[in-house]
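Going by my numbering, the sequence shown opens with residue 6, and the numbers climb by one from there. We put the beta carbon where it would ideally sit given N, CA and C, even for glycine.
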Amino acid sequence: MALAHSLGFPRIGRDRELKKAQEAFCKGELNEAGLRDVGRKLRKAHWDLQKNAGIDLLPVGDFAWYDQVLTHSLMFGVIPERFRPHDGKATLQTLFSMARGNSGDGHGLEMSKWFDTDYDYRAPEFSADQQFQLAWEQLFEETAEARALGHNVKPVIIGPLTYLWLGKTKGADFDKLDLLDRLLPLYGQIFARLAALGVEWVQIDEPILVLDLPQDWKNAFERAYNQIQRDPLKKLLATYFGGLGENLGLAANLPVDGLHIDLVRAADQYPTILDRLPAYKVLSLGVVNGRNVWRCDLQNALATLRHAHERLGDRLWVAPSCSLLHSPEELSRQDHLDAELKSWLAFAVQKCEEVAVLAGAVSEPQALRA
């Protein structure tokens, strides 16, 4: 049997509870305590849904009040001067001001596309003298929250190279890679705090590895992860939204404990990665489409997984291709849909079920046979 895990889950809620609470907060109709309570209830419901669907290792840190890049900017203390609170302590009001702007001259952060999806993120603003410090407790609070509920969790964090790549330079011209050595120590601090909360694995998202990267960025990956390997926790490097292409060798050989690849968008990378992956590493195969609403071809996916299981054994993990953020949450409530159409669909909960079924079937010869 392989391990079933999820890279992330939709956060808006079955009835758009998060969106409604966000709007009420921004209008002054809901205070910060009320907004945080909505978030806690949604996270609990989403962890329960995934666990009940058969997911063994639940994501935490995939929840965001606005977008995941903005959450990381607050965590890293990347708060432009026009939004910085007088006492230096960021609040949810700080976060929403950065996203939407404020009533003064504080225009919001630039909106950019999250790779080739329909989702947007607020781009970090970097200056040549940028400093980083842990300034936002959300990841640690939510990890403790999930652990207290008895869940086996895998915190999700955007990797240092992807975070810098997504940002914008402000002021004097400079190379964003110059900031890498200042940012990396925060990852060590984060991993140490997560380890103290009883975490074993952390998921580090580096989707820019599917892009055609300049050579200096490729070199920076090796430098960064040679430092990160000394930090606590087992590390799963997650790539998605495409194939690794010319970066496959680089990704396979980075000093981490596991690698996730997207076999929906780039099935052709599968046989090569098996031959290039070091013998000690976990390989997570994203075989369930995290970006559409259609059911998975379970037989086809299972054939690939069984082949991988023969080579990897317990080092095989099964997952959606990417975070399920891009999928609606639950199909069962869609009573208005034609019955035949509904039978073709799979939303986030059903995709978790598909992952769990596939993970359980890899070592069962009769599983899924008609």
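Would you please state the rounded distance, in angstroms, between the beta carbons of residue i and residue j? I believe it to be under 8 Å.
{"i": "L189", "j": "P165", "result": "6 Å"}
{"i": "L214", "j": "T244", "result": "5 Å"}
{"i": "A7", "j": "V367", "result": "5 Å"}
{"i": "D210", "j": "K239", "result": "In fact, because the Cβ distance is near 16 Å, the residues do not count as touching under 8 Å."}
{"i": "L171", "j": "M80", "result": "The pair is not a contact, with the Cβ atoms about 14 Å apart (cut-off 8 Å)."}
{"i": "H331", "j": "T96", "result": "Wrong, their Cβ atoms sit about 29 Å apart, outside the cutoff."}
{"i": "S11", "j": "Q55", "result": "6 Å"}
{"i": "R45", "j": "E150", "result": "7 Å"}
{"i": "H312", "j": "S289", "result": "Actually they are not in contact, since the Cβ atoms of H312 and S289 sit about 15 Å apart, beyond 8 Å."}
{"i": "L100", "j": "Y124", "result": "That belief does not hold up - the Cβ atoms of L100 and Y124 are roughly 17 Å apart, past 8 Å."}
{"i": "A257", "j": "R281", "result": "4 Å"}
{"i": "L317", "j": "L363", "result": "Not confirmed; about 14 Å, so no contact."}
{"i": "A26", "j": "V43", "result": "4 Å"}
According to DSSP, is residue i part of a helix, a strand, or is it coil?
{"i": "A375", "result": "Legend: pLDDT at A375 = 43, less than 50; position of this residue unreliable, value from coordinates given subsequently. Residue state, collapsed to three classes: coil."}
{"i": "G93", "result": "coil"}
{"i": "I163", "result": "strand"}
{"i": "R19", "result": "coil"}
{"i": "Q220", "result": "helix"}
{"i": "G263", "result": "strand"}
{"i": "A364", "result": "helix"}
{"i": "T99", "result": "helix"}
{"i": "D180", "result": "coil"}
{"i": "I60", "result": "coil"}
{"i": "G172", "result": "coil"}
{"i": "Q234", "result": "coil"}
{"i": "I84", "result": "coil"}
{"i": "H77", "result": "helix"}
{"i": "K32", "result": "coil"}
{"i": "Y71", "result": "coil"}
{"i": "R270", "result": "coil"}
{"i": "P333", "result": "coil"}
{"i": "E369", "result": "coil"}
{"i": "P190", "result": "helix"}
{"i": "E142", "result": "coil"}
{"i": "H421", "result": "Outside the displayed span of the chain (6 to 375) sits residue 421, for which this structure offers no information."}
When you compare the CB positions of residue i and residue j, do they come within less than 8 Å of one another, or not?
{"i": "L321", "j": "A353", "result": "no"}
{"i": "P64", "j": "G18", "result": "no"}
{"i": "L268", "j": "G254", "result": "no"}
{"i": "V287", "j": "V323", "result": "no"}
{"i": "L62", "j": "W299", "result": "no"}
{"i": "L23", "j": "F30", "result": "no"}
{"i": "F246", "j": "P212", "result": "yes"}
{"i": "R270", "j": "G250", "result": "no"}
{"i": "L144", "j": "R127", "result": "no"}
{"i": "Q232", "j": "R187", "result": "no"}
{"i": "G59", "j": "A9", "result": "yes"}
{"i": "N305", "j": "S326", "result": "no"}
{"i": "D221", "j": "Y192", "result": "no"}
{"i": "L184", "j": "L169", "result": "yes"}
{"i": "G203", "j": "F137", "result": "no"}
{"i": "R16", "j": "L47", "result": "yes"}
{"i": "L242", "j": "L216", "result": "no"}
Name, in chain order, the residues that DSSP records as bridge partners for residue i.
{"i": "E117", "result": "Going by the sequence as given, residue 117 is Ser instead of Glu. BP columns for S117 point to Y126."}
{"i": "A154", "result": "Correcting the residue type first, residue 154 is Leu in the shown sequence and not Ala. For L154, which the question treats as bridged, DSSP gives no partner whatsoever."}
{"i": "A351", "result": "Paired residue(s): none; A351 is not in a bridge."}
{"i": "W299", "result": "L350"}
{"i": "S289", "result": "H265 and W322"}
{"i": "H10", "result": "L62"}
{"i": "F131", "result": "T174"}
{"i": "Q208", "result": "V161 and L241"}
Here's the rule I'm using: 16 or more other beta-carbon atoms within 10 Å means buried, otherwise exposed. How should residue i be labelled?
{"i": "R296", "result": "buried"}
{"i": "H51", "result": "buried"}
{"i": "H77", "result": "buried"}
{"i": "K181", "result": "buried"}
{"i": "Q234", "result": "exposed"}
{"i": "A375", "result": "Because the pLDDT of A375 is 43, which lies under 50, any placement of that residue in the model is unreliable, and the question is left without a value."}
{"i": "H314", "result": "buried"}
{"i": "H156", "result": "buried"}
{"i": "Q274", "result": "buried"}
{"i": "H112", "result": "exposed"}
{"i": "D67", "result": "buried"}
{"i": "K159", "result": "buried"}
{"i": "A177", "result": "exposed"}
{"i": "Q194", "result": "exposed"}
{"i": "Y230", "result": "buried"}
{"i": "A284", "result": "exposed"}
{"i": "E227", "result": "exposed"}
{"i": "E28", "result": "exposed"}
{"i": "N57", "result": "exposed"}
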